[in-house]
Amino acid sequence: MRRASLLVVASLWLASPPALAQQPVEAQRLRMQTAFNPGLSVLGEGARHFVDSVKAASNGALSLKIVEAGGRVPSADLLEAVVGGELDAAFTWTGHAATKLSALALFASVPFGPSVEEYVGWMVDGGGAALHRELYERLGVHAMMCGIMGPEAGGWFRGEITSVADLKGLRVRFTGLAAEVLQRFGAEIVGVPAGEVFYKLQQGKLDGAEFSMPSVDRALGLEKLGMLYYFPGWHQPASLIDFYMRKDKWEALSRAQRAQIEMACQSTVLFTMARAPAEQAKALAYFRKQGISLRFWAPSTLESFRETSADVMREHAEKDSDFRRVWEHMRQYLDGPRAWQRLSRP
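So for the sequence shown, the numbering used here puts the first residue at 949; every next one is plus one.
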């Protein structure tokens, strides 16, 4: 109960910083690149909320200068930039680090995986944070959950998908474990950076693409292409946003400074959880006004995705002990909350 209440404590603490926030002798400024443009709904807003919270908690003694997405290095290279000292910190999606350590994919996008509420419960009160921190430490950084993305949409497609057979031969932009699932149905996975998704679709170089939550898809203008918009986002029901620093730089901070950053991250988790649902509702209302066709995966298609996702997860667990350890830990934790949900929800 004590640990689960930390998120609430964080927001109260940030509203009235206690003695912990006393200014040190010399103010300190850190360069933090974010993977999300500052104006981006929920994600960019989350980065700004985090920076403002650190400043408030430290009474201005510790500040983070935001380097916009791609400002120093591509988002996929943030880990190397932080470890190499080009940047002091990063605020980013866990999936970028999963290319270095596959078990981190379990904190990024798990097909048919934990909901937002379940992820936060596992991280804060179920031991997930310790596993997350341990994996990142092997890569040379100290990391923590600093926000959370809600469910994504299922993707934009040029033509109707009535069954998994329709995926064969399609060129699609998907990432992570879900990309492996679609490959097994004959889809061709194409890696496309965020800034190129619209143009690749517009030019006909992609037949479909998933990107993010509806509010973020709107920011990219994807509705202008008149494609079919599928739901639900089976591939990513929730995903973590991370803050990390090189381990020695983190340890060089004072105890108070580390606590200020940790509590600011906890506050940002709350902020992103609270902000996301209404923002998605606004985006979907806008899409409907624009005449966008919202489609739902057929039950048989979802079941095929689910079965193949289970195969992909099992195969990763068989060949990677870290993946297996984290996956088993997560599933064991989820058994409890899900049993309670079945009893408690009407």
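All C-beta atoms, glycine included, are put in the ideal place defined by N, C-alpha and C.
Please classify residue i: does DSSP put it in a helix, a strand, or coil?
i: Leu1242; result: strand
i: Ala1069; result: At residue 1069 the sequence reads Gly, which differs from the Ala that was named. Three-state DSSP puts Gly1069 in a helix.
i: Ser1001; result: helix
i: Leu1049; result: coil
i: Gln1151; result: coil
i: Ser1111; result: coil
i: Asp1270; result: helix
i: Glu1016; result: coil
i: Leu1026; result: helix
i: Gln970; result: Per-residue confidence for Gln970 stands at a pLDDT of 49, beneath the threshold of 50, marking its modelled position as unreliable; the derived number appears in the next sentence. Gln970: coil per DSSP, three-state reduction.
i: Ala1222; result: helix
i: Pro1162; result: helix
i: Leu1170; result: helix
i: Trp1275; result: helix
i: Val990; result: coil
i: Trp1182; result: coil
Residue i bridges to which residues according to DSSP?
i: Met1097; result: Ser1187
i: His1090; result: Met1193
i: Tyr1281; result: Beta-bridge pairing links Tyr1281 to no other residue.
i: Arg977; result: Ser1011
i: Ala1037; result: Met980 and Met1193
i: Ser1136; result: Note that residue 1136 corresponds to Glu in the displayed sequence, not to Ser. In the DSSP output, where bridge partners are listed per residue, Glu1136 has Arg1119.
i: Trp1104; result: Ala1157 and Tyr1177
Roughly how many angstroms lie between the CA atoms of residue i and residue j, to the nearest whole one?
i: Ser1050; j: Phe1271; result: 7 Å
i: Pro1162; j: Ala1142; result: 14 Å
i: Leu1115; j: Gly1169; result: 24 Å
i: Val973; j: Leu1010; result: Any reading at Val973 must be qualified, since the residue scores a pLDDT of 47, below 50, and its modelled position is unreliable; the value itself is stated next. Their backbone Cα atoms lie some 11 Å apart in a straight line.
i: Leu1130; j: Gly1008; result: 48 Å
i: Arg977; j: Phe998; result: 14 Å
i: Leu1125; j: Leu1054; result: 9 Å
i: Ala1127; j: Ser1006; result: 42 Å
i: Gly1075; j: Thr1042; result: 17 Å
i: Glu1082; j: Arg1290; result: 32 Å
i: Ser1187; j: Ala975; result: 33 Å
i: Thr1256; j: Ser1241; result: 27 Å
i: Lys1013; j: Arg979; result: 5 Å
i: Gly1098; j: Val1274; result: 21 Å
i: Glu1276; j: Tyr1067; result: 14 Å
i: Leu1052; j: Ala1045; result: 7 Å
i: Ala1078; j: Gly1018; result: 29 Å
i: Glu1266; j: Arg1279; result: 16 Å
i: Ala1200; j: Asp1000; result: 22 Å
So, under 8 Å CB-CB, residue i and residue j are touching, yes? Tell me the CB distance rounded to an integer number of Å.
i: Ser1063; j: Pro1185; result: 6 Å
i: Asp1190; j: Ala1091; result: 5 Å
i: Arg1121; j: Glu1158; result: 7 Å
i: Gly1069; j: Arg1106; result: Contact flag wrong, Cβ pair sits at about 38 Å.
i: Thr1249; j: Cys1094; result: Wrong, their Cβ atoms sit about 34 Å apart, outside the cutoff.
i: Trp1182; j: Gly1102; result: 6 Å
Please tell me whether, using a cut-off of 8 Å, the distance from the CB of residue i to the nearest non-hydrogen atom of the ligand MG is below it.
i: Ala1157; result: Because no ligand of any kind appears in the structure shown, any question about the ligand MG cannot be addressed here.
Can you give me the Cβ contacts of residue i inside the same chain, cut-off strictly under 6 Å, excluding the 5 residues immediately before and after it?
i: Arg1223; result: Val990
i: Gln970; result: Caution applies to Gln970, whose pLDDT of 49 falls short of 50 and renders its modelled position unreliable; the model cannot decide the point.
i: Leu954; result: Interpretation of Leu954 is limited by its pLDDT of 45, a score under 50 that renders its predicted location unreliable; the figure taken from the coordinates is listed afterwards. Correct list, in chain order: Gln1214.
i: Val1021; result: Ala1029
i: Gln1238; result: Glu1171
i: Gly1061; result: Pro1185
Given residue i, which residues of its chain have a CB within under 7 Å of its CB, disregarding the five upstream and five downstream residues?
i: Trp1288; result: none
i: Glu1227; result: Ser989, Val990 and Ser1163
i: Tyr1192; result: Val1030, Ala1037, Ala1038, Tyr1084, Val1089, His1090 and Ala1091
i: Gly1134; result: Leu1115, Lys1116 and Gly1117
i: Lys1048; result: Leu1027 and Leu1087
Which same chain residues, not among the five before or five after residue i, have their C-beta less than 8 Å away from its C-beta?
i: Val1138; result: Arg1119, Val1120, Arg1121, Lys1148, Lys1153 and Leu1154
i: Arg1166; result: Ser989, Ala1231, Tyr1234 and Phe1235
i: Gly992; result: Thr982, Phe984, Asn985 and Pro986
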